[in-house]
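Visitor: In our numbering, the protein residues as written are 10 to 153. Note that beta-carbon positions come from the ideal geometry of N, C-alpha and C, so glycine has one too. Predicted model, so just to flag it, every value in this text is computed and none were measured.
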């Protein structure tokens with residue numbers, strides 16, 4: 010819990026320096042790499058060093074994603090209704106957490122946890138690739 014708090018505090022400084030969009034891309038790349046690597050190491054999950062490290066790192070994913078996403082979402086807020094929109098964003102985050110838990114429970118009846126983690130990593134890699142592919146190019150500046 011203290012580690013998550015420290016990440017949130019340090020992440021706030023990173024958001025201010027890098028910008029929310031850049032931090033969001035970094036978080037998605039890091040999370041996708043973690044999911045792919047950790048799922049590939051599933052044979053070693055019983056080893057305390059690997060298992061505990063993986064659990065600690067994955068527990069940081071939610072605060073990091075929220076830290077990077079909230080400034081982006083709040084930038085879309087309309088004046089005078091920011092509070093309502095923030096409440097809606099938080100409700101959606103909570104709904105997605107519950108839906109993900111339900112989906113994971115259902116998927117665990119069909120497959121194993123490493124397969125689910127690897128699949129999530131592949132989905133995130135696709136998302137990051139789409140972000141980079143469809144990101145609008147900055148306007149060209151003509152030399153005078």
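1. Taking just the CA atoms, how far does residue 110 sit from residue 120?
2. What's the C-alpha gap between residue 54 and residue 100?
3. Is it a yes or a no for the stretch 15–25 touching the stretch 58–68, going by three-plus beta-carbon pairs under 8 Å?
4. Can you confirm whether residue 22, when its beta carbon is compared against all beta carbons of chain B, has any partner nearer than 8 Å?
5. In terms of residue numbering, what span does the alpha helix (DSSP H) encompassing residue 141 cover?
6. I need the straight-line Cα distance from residue 56 to residue 32, nearest angstrom please.
7. Provide the residue span of the alpha helix (DSSP H) that contains residue 111, from first to last.
8. Roughly how far, in whole angstroms, is the beta-carbon of residue 77 from the beta-carbon of residue 108, given that I think they are within contact range, below 8 Å?
9. Could you give the distance in angstroms between the alpha-carbon of residue 93 and the alpha-carbon of residue 52?
10. Using C-beta distances below 7 Å, list every residue in its chain close to residue 47, excluding the 5 sequence neighbours before and after it, in chain order.
Guide: By the coordinates alone:
1. Translated into positions along the chain shown, residue 120 becomes position 111. Translated into positions along the chain shown, residue 110 becomes position 101. Using only the alpha carbons, I get a separation of about 15 Å.
2. Looking up residue 54 in the chain shown gives position 45. Looking up residue 100 in the chain shown gives position 91. Cα to Cα, the separation comes out at about 33 Å.
3. no
4. Chain labels in this structure do not include chain B; a single protein chain is all it has.
5. Translated into the one-based positions of the chain shown, residue 141 becomes position 132. Counting along the chain, the alpha helix (DSSP H) containing residue 141 begins and ends at 122–143.
6. Within the chain shown, the letter at position 47 stands for residue 56. Within the chain shown, the letter at position 23 stands for residue 32. Those two C-alpha atoms are separated by around 32 Å.
7. Numbered from its first residue, the chain shown carries residue 111 at position 102. First-last of the alpha helix (DSSP H) with residue 111: 91–117.
8. Taking the first residue of the chain shown as position 1, residue 77 is located at position 68. Taking the first residue of the chain shown as position 1, residue 108 is located at position 99. The Cβ separation is near 20 Å, so there is no contact.
9. Mapped onto the chain shown, residue 93 falls at position 84. Mapped onto the chain shown, residue 52 falls at position 43. Those two C-alpha atoms are separated by around 46 Å.
10. One-based indexing of the chain shown puts residue 47 at position 38. Cβ within range, chain order: 63, 126.
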